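Chemist: Residue 1055 in our numbering sits at position 48 of the sequence shown; the count goes up by one each step and never skips. Just so you know, even glycine gets a beta-carbon here, dropped at the ideal spot from N, CA and C. Quick caveat: nothing in here was measured; it's all calculated off a predicted structure. One structure follows; several queries about it will come next.
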Amino acid sequence: MITRHFGIPVTSPGAILRRERDLGTPLGLETADTTQHGGLVSDKIIVELIEDWLRLHGGHGFVFDGFPRTIPQAESLQSILVRHRTPLVLAIWLDVSEETVAERIASRLQCQSCGFTTSLSSGNFAERPVCPYCDGPLVRRNDDDVEVLKKRLEEFNGKTQPLAAFYEKAGVLRKIDGNRDRETVFGDISRLIEQSA
Ligand SMILES: [Zn+2]
């Protein structure tokens, strides 16, 4: 949506990893294997991939979606941006309540072949929804039970929450209420990007 609106390239660790896997690079195949078995890709690999992407796409502004997620990632990103002489101008924090997270997870669909995730509410899916990337079957994720959600929230509170203070201190943090509908939230994000351009 941001790319269409502003012409700024956007990426996320998930998108980069999917592309590596589609290209069949050794790293892509290895990380696909890791994530398929429920493992997490290391900060080191994520950061390297982000830097490669930045080298190719970061010339005239860029947006990272869902990155960094940890303080070590944020620190690595800082050194990368210094190397590329690209200061970080804006860190948008989407404040979302645990109830909203639970609701959104309940409506999430995942591709059984490639792991792409989307939401039931994000499109008009046919009776048997298929993946826009690989035509694989999209199904409700059944691993998103209460226990998994609890674990993820703990991880978020422990590892991601500290980033708010990190970017607040750097003077670039802006908070948005993410519990509202997509269009309203996108409107707020657009304004922040325009103001920082
Ligand atoms: Zn797929």
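Counting along the chain, where does the alpha helix (DSSP H) carrying Leu1034 start and finish?
Modeler: Residue numbering aside, residue 1034 sits at position 27 when the sequence shown is read from its first letter. Where Leu1034 is concerned, the enclosing alpha helix (DSSP H) stretches over 1033-1043.
Chemist: Could you name each continuous alpha helix (DSSP H) segment of 4 residues or more that falls completely within the region 1105-1183, going from the start of the chain to the end?
Modeler: With a minimum length of 4 residues, the continuous alpha helix (DSSP H) runs that stay inside the region 1105-1183 are 1105-1113, 1153-1162, 1169-1176.
Chemist: Taking Leu1101 as the reference, give the member of Glu1110, Leu1061, Pro1094, Gln1168 with the closest Cα.
Modeler: Position 94 of the sequence shown, counting from 1, holds the residue named residue 1101. Comparing Cα-Cα distances from Leu1101 to each of Glu1110, Leu1061, Pro1094, Gln1168, the minimum goes to Gln1168.
Chemist: Between Asp1072 and Val1017, how many whole angstroms is the CB-CB distance? I'm expecting something under 8 Å.
Modeler: The residue labelled residue 1072 in the question sits at position 65 within the sequence shown. The residue labelled residue 1017 in the question sits at position 10 within the sequence shown. So it is a contact: roughly 6 Å between Cβ atoms.
Chemist: Can you give me the Cβ contacts of Ile1078 inside the same chain, cut-off strictly under 7 Å, excluding the 5 residues immediately before and after it?
Modeler: Within the sequence shown, numbered from 1, the residue matching residue 1078 stands at position 71. For Ile1078, where only same-chain residues beyond five positions count, the Cβ hits under 7 Å are Pro1169, Leu1170, Phe1173.
Chemist: Could you give the residue range of the beta strand (DSSP E) that holds Ala1081?
Modeler: Position 74 of the sequence shown, counting from 1, holds the residue named residue 1081. Counting along the chain, Ala1081 falls outside any beta strand (DSSP E), though it belongs to the alpha helix (DSSP H) covering 1078-1090.
Chemist: Along the beta strand (DSSP E) that carries Ile1099, what are the first and last residues, could you check?
Modeler: Within the sequence shown, residue 1099 is the residue found at index 92, counting from 1. It spans 1098-1102 - the beta strand (DSSP E) in which Ile1099 sits, taken as one unbroken run.
Chemist: Is the region 1088-1100 touching the region 1109-1121 in the sense that three or more CB pairs, one from each, lie closer than 8 Å?
Modeler: The answer is no - the region 1088-1100 does not touch the region 1109-1121, with fewer than three Cβ pairs under 8 Å.
Chemist: Just jot down, in chain order, the residues whose CB lies closer than 6 Å to any heavy atom of ligand 1.
Modeler: That query returns the following residues: Cys1118, Ser1120, Cys1121, Phe1123, Cys1138, Tyr1140, Cys1141, Gly1143.
Chemist: Are there 16 or more other CB atoms within 10 angstroms of the CB of Pro1207, so buried, or fewer, so exposed?
Modeler: Here the chain covers residues 1008 to 1204 and nothing more, so residue 1207 does not appear.
Chemist: Buried or exposed: where does Gly1185 fall if 16 or more other Cβ atoms within 10 Å of its Cβ makes it buried?
Modeler: For the purposes of this step, residue 1185 is identified with residue 178 of the sequence shown, where counting begins at 1. So Gly1185 counts as buried.
Chemist: Give the straight-line distance between the Cα atoms of Val1146 and Tyr1140, rounded to the nearest whole angstrom.
Modeler: To locate residue 1146, count along the sequence shown from 1; it is residue 139. To locate residue 1140, count along the sequence shown from 1; it is residue 133. One C-alpha to the other measures close to 14 Å.
Chemist: Less than 7 Å between the C-beta atoms of Leu1084 and Pro1075, yes or no?
Modeler: Against the sequence shown, residue 1084 aligns to sequence position 77. Against the sequence shown, residue 1075 aligns to sequence position 68. For Leu1084 and Pro1075, yes; Cβs fall inside 7 Å.
Chemist: If we count the other Cβ atoms within 10 Å of its Cβ and call it buried at 16 or more, is Leu1030 buried or exposed?
Modeler: For the purposes of this step, residue 1030 is taken as the residue at position 23 of the sequence shown. When all chains shown are included, Leu1030 counts as exposed.
Chemist: Do you know offhand how far Ser1120's Cα is from Arg1111's?
Modeler: Locating residue 1120 in the sequence shown gives position 113, counting from the first residue. Locating residue 1111 in the sequence shown gives position 104, counting from the first residue. So the two alpha carbons sit approximately 21 Å from each other.
Chemist: Taking the beta carbon of Thr1038 as the centre, do at least 16 other beta carbons fall within 10 Å, making it buried, or is it exposed?
Modeler: Translated into the one-based positions of the sequence shown, residue 1038 becomes position 31. Classification of Thr1038: buried, given that the 10 Å Cβ count is 16 or more.
Chemist: Taking the C-alpha atoms as reference points, what is the distance between Gly1035 and Ile1015?
Modeler: Taking the first residue of the sequence shown as position 1, residue 1035 is located at position 28. Taking the first residue of the sequence shown as position 1, residue 1015 is located at position 8. If you take the alpha carbons of Gly1035 and Ile1015, they lie about 25 Å apart.
Chemist: Could you give the C-beta distance for Ile1023 and Leu1056, rounded to a whole number, given that I count them as a contact under 8 Å?
Modeler: In the sequence shown, the residue the question calls residue 1023 occupies position 16. In the sequence shown, the residue the question calls residue 1056 occupies position 49. With a Cβ gap of about 5 Å, Ile1023 and Leu1056 count as contacting.
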